[in-house]
Amino acid sequence: MRDRGIGPWIEHRARTAPDRVAMVFGDQRWTYAEMAARITRLANVLRGLGVAPGDRIGWLGPNHPAFLETLFATAKLGAALAPVNHRLDAAGVGRILEDSAPRVVVAHASTVPGDLPPATTALVVVGGKDAAIDYEHVLAGASDAPLDEAVAPDDLCMLPYTSGTTSGPKGVMLTHANVTWNVVNVLSGADFRAGDVTLAVTPFFRTGGTGVNVLPTMFLGGTVVIPEDPDPGALLDLMERHEVTVGFGNPDILEGLTRTARWKDADLTHLRFIITGGAPVPERLIRACLERNVLLLQGYGLSEAAPVALLLDSESALTKGGSAGKPPLLMSTRIVRPDGNECEVGETGELLVAGPNVMRGYWNRPEATERALDADGWLHTGDAARADDDGYISIVDRLGDRFTARGVVVYPGDVERLLLGHPAVADAGVTGIEVGGETVGAAFVVLTAPDAAAPEELLAHWQSSLRPHQLPEVLHIVPSLPRSSVGKLLRHELAALVGDEPHASAGTPLGT
1 MRDRGIGPWI EHRARTAPDR VAMVFGDQRW TYAEMAARIT RLANVLRGLG VAPGDRIGWL
61 GPNHPAFLET LFATAKLGAA LAPVNHRLDA AGVGRILEDS APRVVVAHAS TVPGDLPPAT
121 TALVVVGGKD AAIDYEHVLA GASDAPLDEA VAPDDLCMLP YTSGTTSGPK GVMLTHANVT
181 WNVVNVLSGA DFRAGDVTLA VTPFFRTGGT GVNVLPTMFL GGTVVIPEDP DPGALLDLME
241 RHEVTVGFGN PDILEGLTRT ARWKDADLTH LRFIITGGAP VPERLIRACL ERNVLLLQGY
301 GLSEAAPVAL LLDSESALTK GGSAGKPPLL MSTRIVRPDG NECEVGETGE LLVAGPNVMR
361 GYWNRPEATE RALDADGWLH TGDAARADDD GYISIVDRLG DRFTARGVVV YPGDVERLLL
421 GHPAVADAGV TGIEVGGETV GAAFVVLTAP DAAAPEELLA HWQSSLRPHQ LPEVLHIVPS
481 LPRSSVGKLL RHELAALVGD EPHASAGTPL GT
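For the sequence shown, the working numbering gives the first residue as 1, with consecutive numbering after it.
Okay, here's the thing in structure tokens:
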């Protein structure tokens, strides 16, 4: 077989289970046989537009079946799919398109870019009836001749871009082997089954949007339901209607589900587990899922690992709640001090990961690649972590977000998890700010209701669980916190929530 990438996955299911439903979108359904045929026709369309092995194809738009078809069609050609965050402003989109230099861009009609880079020779529009190249129109008239392109496991498959919250977005070079071994890792740690139905809630332009639940489900021949409406009530409707068995979403999304009036009565009898990650998981959320007999599996991933690096096994979901779990089958981890020596149990250090799902490097960024990947193949994640006596790893924070207060290093993530222990706190963010020439901790808190708790009440509760150096000295009650598309707190944007006023007067000083 010449194609040893992910291209043949759907064709295999088309042969073994042709009538099984592969994708659902609104009232539309595609079986694996229908999806395989559409992928072949799309690959012929893209080849006709000049796409050759090694080229990039850009994707721009919300979650849509066309994304998955484009991914597999691109893979069959030996090209790489470069998804772009359509929520960026025009300049941000333009920078990523310029960097990835796609031969063809496939864009949803709602997010067609204003300008295309010089390397782009064609724009295919999904849902754009007036477009020069309309996706469905060209697909209907395309050849269904089989393709015989040689694709190797180490060929580039996807080029997603990091969120760029700590630096500019970087293209992550994921090979066919990276994507495949990530799926194997997920299946080794979570109870996916051949007849599973999953809901594709997380954006496809993030590796988690496909790598955590979508591709593992399709690898086994299951069904992917793609929501048209992200409203929590609409998501619960889909979960009931399609008898969803496996879920995935960041804590923000799951909080939205559990806080709806329908959560307590929704039919979740088919839902075996939900995987979550990307942000601290409040104990309240864990309890809300347990009350509905829904197993919540926490994990940890990053684009550079395609993305899963840690996953909590179902047997330990109750006893190790709050942990991101252990490395799956083909992953190795280390937690190290700044000098490179291993940390002791319970000691905080940088998490390093290695495995066949770890990226080849950053696109056009050799210096950044050298900083991230050492000579022995260890990926330096930049995340602080600690392990317990049983080897379960908890993600503490980004190393760059720590600060020193009262002469002691503070990891904001540790503080935030304790702040969220108060029942009136819906969300919390902590960062270090300058007050009177000294760095102090500032807490930005979202309450469950405007009058849910007074600052004095919050302080009294926090004093019982926080160490003196961890206790925030300034409190801001805010309506919401800035988060990325995958729910990660954007700490560098916290100060902007209170404008240009001096922090000590803009917030409530807390007596410590």
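Just so you know, even glycine gets a beta-carbon here, dropped at the ideal spot from N, CA and C.
Residue i classed as buried or exposed, judged by whether at least 16 other C-beta atoms fall within 10 angstroms
{"i": "E427", "result": "At residue 427 the sequence reads Asp, which differs from the Glu that was named. By the 10 Å Cβ count, D427 comes out buried."}
{"i": "P450", "result": "exposed"}
{"i": "G391", "result": "exposed"}
{"i": "D414", "result": "buried"}
{"i": "P338", "result": "exposed"}
{"i": "D196", "result": "buried"}
{"i": "T381", "result": "buried"}
{"i": "R87", "result": "exposed"}
{"i": "N364", "result": "exposed"}
{"i": "A460", "result": "exposed"}
{"i": "G48", "result": "exposed"}
{"i": "E315", "result": "exposed"}
{"i": "S505", "result": "Unreliable placement is indicated for S505, whose pLDDT of 33 sits below 50; the coordinate value is still reported in the next sentence. Exposed."}
{"i": "L318", "result": "exposed"}
{"i": "T16", "result": "exposed"}
{"i": "E304", "result": "buried"}
Simplified DSSP assignment, three categories, for residue i
{"i": "R386", "result": "strand"}
{"i": "D427", "result": "strand"}
{"i": "L296", "result": "strand"}
{"i": "T512", "result": "At T512, the pLDDT of 48 sits below 50, so the modelled position is not reliable; the number obtained from the coordinates is stated separately. The answer is coil: DSSP assigns T512 none of H, G, I, E or B."}
{"i": "R284", "result": "helix"}
{"i": "D265", "result": "coil"}
{"i": "H86", "result": "coil"}
{"i": "E149", "result": "coil"}
{"i": "V304", "result": "Here residue 304 turns out to be Glu, not Val, going by the sequence shown. Reduced to three states, the DSSP call for E304 is helix."}
{"i": "M158", "result": "strand"}
{"i": "H503", "result": "Annotation note: pLDDT 37 at H503 (below 50); position unreliable, no value reported."}
{"i": "E493", "result": "helix"}
{"i": "L420", "result": "coil"}
{"i": "F72", "result": "helix"}
{"i": "Y135", "result": "helix"}
Beta-carbon contacts of residue i that lie in its chain and below 6 Å, excluding the five residues immediately before and after
{"i": "A33", "result": "A14, P18"}
{"i": "P502", "result": "For P502, the predicted model reports a pLDDT of 38, less than 50, meaning its position is unreliable and no value from the coordinates is stated."}
{"i": "A452", "result": "A424"}
{"i": "A495", "result": "none"}
{"i": "A131", "result": "V125"}
Chain-order list of residues whose beta-carbon lies under 7 Å from that of residue i (same chain, five-residue window excluded)
{"i": "D115", "result": "G94"}
{"i": "A80", "result": "R56, T74, L156, C157, M158, L159"}
{"i": "D148", "result": "R2"}
{"i": "T369", "result": "G361, Y362"}
Own chain residues within Cβ distance below 8 Å of residue i, not counting five before or after
{"i": "L330", "result": "W181, V184, N185, S188, G355, P356, N357"}
{"i": "L139", "result": "R38, R41, L42, V45"}
Spatial distance of residue i from residue j (CA atoms)
{"i": "R569", "j": "G221", "result": "An answer regarding residue 569 cannot be provided, because it is not within the stretch 1 to 512 covered by the chain."}
{"i": "R483", "j": "L489", "result": "4 Å"}
{"i": "E11", "j": "T245", "result": "24 Å"}
{"i": "V45", "j": "H492", "result": "44 Å"}
{"i": "L420", "j": "M35", "result": "44 Å"}
{"i": "L199", "j": "D237", "result": "11 Å"}
{"i": "V430", "j": "Y300", "result": "21 Å"}
{"i": "T508", "j": "T258", "result": "30 Å"}
{"i": "P83", "j": "L458", "result": "43 Å"}
{"i": "T111", "j": "A375", "result": "41 Å"}
{"i": "R284", "j": "I253", "result": "14 Å"}
{"i": "A91", "j": "L97", "result": "10 Å"}
{"i": "G141", "j": "P62", "result": "25 Å"}
Proximity to residue i [Cα-Cα], best of the options
{"i": "T269", "options": "G321, I393, P118, G247", "result": "G247"}
{"i": "D144", "options": "G233, Y135, T40, P62", "result": "T40"}
{"i": "D27", "options": "A52, V45, L60, P65", "result": "P65"}
{"i": "L497", "options": "L399, A142, V446, S323", "result": "V446"}
{"i": "E416", "options": "A442, G400, I433, R365", "result": "A442"}
{"i": "P53", "options": "L77, G437, R38, E69", "result": "L77"}
{"i": "R20", "options": "P412, A194, N341", "result": "A194"}
{"i": "V151", "options": "F72, V105, I96, G141", "result": "F72"}
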